[in-house]
Amino acid sequence: MASLPPDIHELIIRFASSIPDLPLALPNTQTLSVLSLKLLIRSHLPVGQKNARLNLIFAGKLLRNHDPLSAALSPSTRQSIKGKTPIYPRGPGPPLYVQCSLGENLTSEQLAAEAGEAAALEASLRASLPTLHLDNERDDEVLERPRGFDRLLATGWDAADVATLRASFLAHLSHTHTPDNMPLGDTLRALEERWLDSTGPAGVDGGDGEGMGFEEDEAGALDDQLWGTMLGFFWPWAAWWGTREEGVWTERRQVMVMAGLVMNILFGFLRMFTTREESL
Numbered sequence: 040m041a042s043l044p045p046d047i048h049e050l051i052i053r054f055a056s057s058i059p060d061l062p063l064a065l066p067n068t069q070t071l072s073v074l075s076l077k078l079l080i081r082s083h084l085p086v087g088q089k090n091a092r093l094n095l096i097f098a099g100k101l102l103r104n105h106d107p108l109s110a111a112l113s114p115s116t117r118q119s120i121k122g123k124t125p126i127y128p129r130g131p132g133p134p135l136y137v138q139c140s141l142g143e144n145l146t147s148e149q150l151a152a153e154a155g156e157a158a159a160l161e162a163s164l165r166a167s168l169p170t171l172h173l174d175n176e177r178d179d180e181v182l183e184r185p186r187g188f189d190r191l192l193a194t195g196w197d198a199a200d201v202a203t204l205r206a207s208f209l210a211h212l213s214h215t216h217t218p219d220n221m222p223l224g225d226t227l228r229a230l231e232e233r234w235l236d237s238t239g240p241a242g243v244d245g246g247d248g249e250g251m252g253f254e255e256d257e258a259g260a261l262d263d264q265l266w267g268t269m270l271g272f273f274w275p276w277a278a279w280w281g282t283r284e285e286g287v288w289t290e291r292r293q294v295m296v297m298a299g300l301v302m303n304i305l306f307g308f309l310r311m312f313t314t315r316e317e318s319l
């Protein structure tokens, strides 16, 4: 559920006629409708124009009477010229300008109906506020639910055990990831969730990180072994450079590159001795 925008503390009503700008302070936009704003504006108009029909325009959009003011002036409406969504402070921000045009005069019956509709809309918005707050609290609970290894804290593990388990898990991941693409944040929590769901409670007994039952990624292991050995054997100098530069290859591939390099040296000595024996 999308959160409501912060309250707007000041509006400046700019009229299409010769009436000067009207600054308005609004304590709470969540319980006000566009129609309520029109009634507030009407109370500040000159006597001869108090009964005029009002049309409000904000950011090129005509505001509808029944819309809550917080939705009518929401961040989706307040787009900048460059297409970027501005960041709004939690406290009082700069005033917002709303264009107002005056139309024909309304009858007393129309004005009374307008006032009654505005009061009904305000009552409806006030009644909906507890529900909105409850939904927000439920959303916060879902967002704050522990993920990954942090779930184990609710089963009796202490923080030190969870930290040890996570360190062992990261050490395992370092064999298949370079420092540049190591999973972090939500990605790491998702991997921890997947491992917990696939291993079950028996796989995490003890809390010391030993015997956790990590399953090797066979495809990745075979890839590292094959290509690492070939690189070390056929391109030893290039492979030597790759092992010296941090983050180029995973730790497992670096080991296999060194194994291929050793094999290259052994084959070189073997060929040298064989050639010498043939020449004798």
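Quick note on this note's numbering: the sequence shown kicks off at 40 and runs consecutively. Cβ coordinates follow ideal geometry from the N, Cα and C atoms, glycine included. Here the structure is a predicted model, which is why all the values come from computation and not from measurement.
Are residue i and residue j touching if we call contact CB-CB under 8 Å?
i: N90; j: G142; result: no
i: I80; j: L61; result: yes
i: L74; j: A157; result: yes
i: E108; j: L135; result: It is Leu, not Glu, that sits at residue 108 in the sequence shown. No, they are not a contact pair.
i: Q264; j: M295; result: yes
i: G187; j: L227; result: yes
i: L191; j: V201; result: yes
i: G271; j: L230; result: no
i: L50; j: L65; result: yes
i: R92; j: L150; result: no
i: P185; j: A193; result: yes
Is residue i helix, strand or coil by DSSP?
i: L223; result: coil
i: I11; result: This structure cannot speak to residue 11, because the chain is shown only from 40 to 319.
i: L173; result: Low confidence applies here, because L173 scores a pLDDT of 46, under 50, leaving its location unreliable; read the following figure in that light. Residue state, collapsed to three classes: helix.
i: S140; result: strand
i: I58; result: coil
i: S147; result: helix
i: A154; result: helix
i: L182; result: Caution applies to L182, whose pLDDT of 47 falls short of 50 and renders its modelled position unreliable; the model cannot decide the point.
i: S82; result: coil
i: K100; result: strand
i: N303; result: helix
i: L71; result: coil
i: L135; result: strand
i: L112; result: coil
i: L63; result: strand
i: F253; result: Its pLDDT being 46, under 50, F253 is placed unreliably in this model, and the coordinates cannot settle the point.
i: F308; result: helix
Label residue i either buried or exposed according to how many other C-beta atoms from any shown protein chain fall within 10 Å of its C-beta, with 16 as the threshold for buried.
i: M311; result: exposed
i: V137; result: buried
i: W322; result: Because residue 322 is not part of the residues shown, which for the chain are 40 to 319, the question remains open.
i: A111; result: buried
i: I52; result: buried
i: F308; result: exposed
i: V86; result: exposed
i: L160; result: buried
i: S56; result: exposed
i: F97; result: buried
i: T268; result: buried
i: R165; result: exposed
i: K77; result: buried
i: R305; result: Checking the displayed sequence, the identity of residue 305 turns out to be Leu instead of Arg. It is exposed - the Cβ of L305 has fewer than 16 other Cβ atoms within 10 Å.
i: R292; result: buried
i: L19; result: For the chain, the structure presents residues 40 to 319; residue 19 sits outside this window and is missing.
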